[in-house]
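Okay, structure first, notes after.
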Amino acid sequence: ADDVPWWQELQYRSDRVDDSHFANTEDGNWGIGGQHRVQMPCIVIEAVPRATSRPYQLGDGSAWVEQDVLCHVLAETRRDRNNLVDILRGQFDTVIWLYDNDQVAAAGAFPLDYRGEIVDSSKTYPALVDSSTGYRWERCRFSRTEVGEVESINSRLYEGVVRMTCEVTLGD
C-alpha cells in the first residue's frame with residue numbers, strides 16, 4: 302500500500318468553497334489530478350495479506366472465506382476522525398451485498414472509467430446490488446472489527462486504523 306499514488310497526495314481544506322483557489326485547477330491543491338487526490342476526511346480501504354478459509358458443508362467444496370481489510374481513516378480534525386472510527390467499529394456483524402465486478406464490467410455499467418473518474422451513466426451501490434440488475438453476487442458479513450492505532454501525526458492530520466474481517470460464503 303505504500304507505493305500507491307493516492308497515499309502521496311492528501312488534499313487539505315477541500316470543503317472550503319469560499320477559498321479563492323477553489324476553482325483554480327492549474328496549480329495548488331486543485332492542480333492535483335482526481336486519480337491522485339484524496340480529499341479529507343476519508344477512508345482508504347486496504348486488503349491485507351491475511352485470509353483464511355474453512356469448509357462450509359460436505360460434498361460441494363463450498364467454504365467460508367475470511368479476508369481482513371484495513372480501513373485507514375484520515376481527517377483534518379480529531380472529531381471527524383473519531384466519528385468515522387466509531388462508525389466503522391459499529392459495523393460489527395453487519396451484512397452487505399457484494400456485486401460481481403466481471404458482470405458489471407461486461408455490461409459497461411462500471412461506475413468509474415480508466416482514470417478513476419465517475420462515468421455519467423454510472424450506477425450507485427444500491428443499483429449495483431439490486432436483485433433485478435443481475436449484478437448481485439454474495440453476502441459479506443463483517444465478523445470482526447477492532448480499532449488499531451489512533452494517532453495525531455501533526456496538528457492538521459489525524460489518523461485511525463480499523464481492522465475488519467469480511468466473511469463470505471463461496472460455492473454454496
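Following this note's numbering, the numbering of the sequence shown begins with 302 at its first residue and continues without gaps. We put the CB at the ideal spot given by N, CA and C, even for glycine. These numbers were taken from a predicted model, which means no experiment stands behind them.
- For the pair residue 376 and residue 343, the Cα-to-Cα distance works out to about 7 Å.
- Listed as beta-bridge partners of residue 458 by DSSP are 455.
- A Cβ-Cβ contact shorter than 8 Å links residue 430 with residue 437.
- Each residue's CA atom was taken as its position, placing residue 391 and residue 463 some 11 Å apart.
- Setting aside the 5 residues that flank it on each side, residue 444 is surrounded in the same chain by 466 and 468, each with a C-beta closer than 6 Å to its C-beta; the list follows chain order.
- Listed in chain order, the non-local C-beta contacts of residue 379 below 6 Å within the same chain comprise 459, local neighbours out to five positions each way being set aside.
- DSSP lists 370 and 446 as the bridge partner or partners of residue 465.
- Its Cα nearest to that of residue 385, the residue 461 stands out among 369, 461 and 472.
- Contact annotation, residue 441 with residue 397: C-beta distance approximately 5 Å; criterion of less than 8 Å satisfied.
- Between residue 439 and residue 470, the gap from beta carbon to beta carbon is short of 8 Å.
- DSSP, read as helix, strand or coil, puts residue 430 in coil.
- Its chain contains 344, 382, 385, 386 and 461 as the residues whose beta carbon lies nearer than 6 Å to that of residue 374, once the 5 sequence neighbours on both sides are disregarded; these appear in chain order.
- If you draw a 10 Å sphere on the C-beta of residue 426, you find fewer than 16 other C-beta atoms in it, and that means exposed.
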